[in-house]
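In what follows, a structure is listed as structure tokens, so that the remarks can point back to it.
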Amino acid sequence: MTTEENAAQDALTQEDLNKLMGTALGIAQDQLETHGAFLPTALVVDNSGEIRMVAVSPEDDGKDLDADAMIADLYEALKQQRNENRAAAVFSDIHLPDENTDAIYVVAEHSTGVAVAAIQPYGEDGGEWTYKDPIWESAEFSIWEK
């Protein structure tokens, strides 16, 4: 690839990841403010550049919701669709015991070899939802494994 092609690819990768992260955080915040909770969900940027949502149904076995099983199902679906997509993000609700708070956790992966995660602590105070700045970190590959 030429320098110009590399720069264009890097810019597209960054744009895809920014769209996924911003959209995931926005959807999670909207669900929290509307319903007080949200289920693990995924977003993809397909090969044409469109963002789509991917969801799985929780098992209805009469027990508590198994978010870990839902996340595993999402990753399995994303792996099966990886040739149709160039990037994906999975977002879920986690608890941060050291801070005694909950957080939105987003892991985004791009087919070009970039994986990043964001943790955004949140809380509710007197009916008002508050969100701290996201904490960014590198992430492990699960969909487009290296």
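Going by the working numbering, 49 is the number at position 45 of the sequence shown; the sequence numbering is gapless. Yeah, the Cβ is synthetic: ideal placement off N, Cα and C, and Gly gets one too.
- In the three-state reduction of the DSSP assignment, Gln33 falls in the helix class.
- Under the three-state reduction of DSSP output, Asn89 falls in the strand class.
- Rounded to the nearest angstrom, the Cβ distance from Arg86 to His114 is 11 Å, too far for a contact under 8 Å.
- For Asp64, the secondary structure class from DSSP, reduced to helix, strand or coil, is coil.
- Counting only residues of its own chain and dropping the five nearest sequence neighbours on each side, Glu141 has a CB closer than 6 Å to the CB of Ala121.
- Ranked by Cα distance from Leu21, the options Ser61, Ala71, Val48, Gly131 are led by Val48.
- Pairing Ile108 with Tyr126 gives a Cβ-Cβ distance under 8 Å.
- According to DSSP, Trp148 shares a beta bridge with no other residue.
- Burial of Trp148 is indicated by the presence of at least 16 other C-beta atoms within 10 angstroms of its C-beta.
- Residue pairing by DSSP puts Ile123 in a beta bridge opposite Tyr109, Ile139.
- Counting along the chain, Asp50 sits inside the beta strand (DSSP E) bounded by residues 45–50.
- Of Lys67, Gly53, Glu54, Asp72, the smallest CA-CA separation from Thr45 is found for Asp72.
- Phe95 counts as buried, since no fewer than 16 other beta carbons sit within 10 angstroms of its beta carbon.
- Shown here, Glu103 sits in coil according to DSSP, grouped into three states, outside any helix or strand.
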